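Student: Structure incoming, see below.
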Amino acid sequence: MSSSLDSFRRLDVDQYDPDRVLPHELYTPDPRPPHQVLDDTHAKAANVRASLQRGDLGTALHEVLDQPPYGDGVQQAKTIALQSVLSILNSTRSTDIPQLIQALDPNEKVVRACALLRWHVLVDQLIRVSLTTQATLMKYLYKAMENLGETSGNVVLGWHEKLVQVAGTGCIVRVMTDRRRL
């Protein structure tokens, strides 16, 4: 008797909805095949380690934030990328964080010059690249907060605080509404 009462809970009523939105319709999937994403992530991780050994944190941060792995079937690549980000976060002194985050910002002089010359398209592209990089960093910070066993919470919260100071609360909103999960 109880199994017949519970059987309705196993029925997926969304499958009958013609207006249902599927996950692949919410964002453009990564065009790279999963094996290429994994190979690219391994190469980036090696470049990040080399940059960290040289003490070049800015290059390491830019490297890991460029084309992050997202989508289905790339879980191993996502884990490797998160470990690379965590190694950068843990290698950075708290006094160096603001300079690294501001380096993700577009060059203010270039933006002003383009605005004076009315090159709005270039200004928009510069700002969009910056916002994407900052939002990607924020995504990794939230991902690190999910897995706090791997890193210290103080480190992640320090980065979060500095990033919000530079990018504003809009960065948080962009991350929360973006469907591409890292």
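With the first letter of the sequence shown counted as 1, position 138 gets the number 138 in our numbering; the numbers rise by one all the way through. Ideal placement from N, C-alpha and C gives every residue a C-beta, glycine not left out. Everything numeric in this text was worked out from a predicted model, so none of it was measured.
(1) For M145 versus V156, is the C-beta distance shorter than 8 angstroms?
(2) Among residues of its own chain, excluding the 5 on either side of N147, which ones have a beta-carbon nearer than 8 angstroms to its beta-carbon?
(3) Is it true that the CB of K44 sits closer than 8 angstroms to the CB of E25?
(4) Throw me the rounded Cβ distance for the L65 and T92 pair, which I believe falls under 8 angstroms.
(5) Let me confirm a value: L86 is counted as buried when at least 16 other C-beta atoms fall within 10 Å, else exposed. Which label applies?
(6) Go through the segment 15-43 residue by residue and report every complete run of the alpha helix (DSSP H) that reaches 4 residues or more, in order.
(7) Would the segment 49-56 count as touching the segment 6-20 if we require 3 or more Cβ pairs under 8 angstroms?
(8) Which stretch, first to last residue, makes up the alpha helix (DSSP H) that contains V175?
(9) Can you say whether Y140 is buried or exposed, counting buried as having 16 or more other CB atoms within 10 angstroms of its CB?
(10) For the alpha helix (DSSP H) containing A81, name the first residue and the last one.
Tutor: On the basis of the supplied data:
(1) yes
(2) L82
(3) no
(4) Actually they do not touch by this definition, with Cβ atoms about 14 angstroms apart.
(5) buried
(6) 23-26
(7) no
(8) G170 to T177
(9) buried
(10) Q75 to S91
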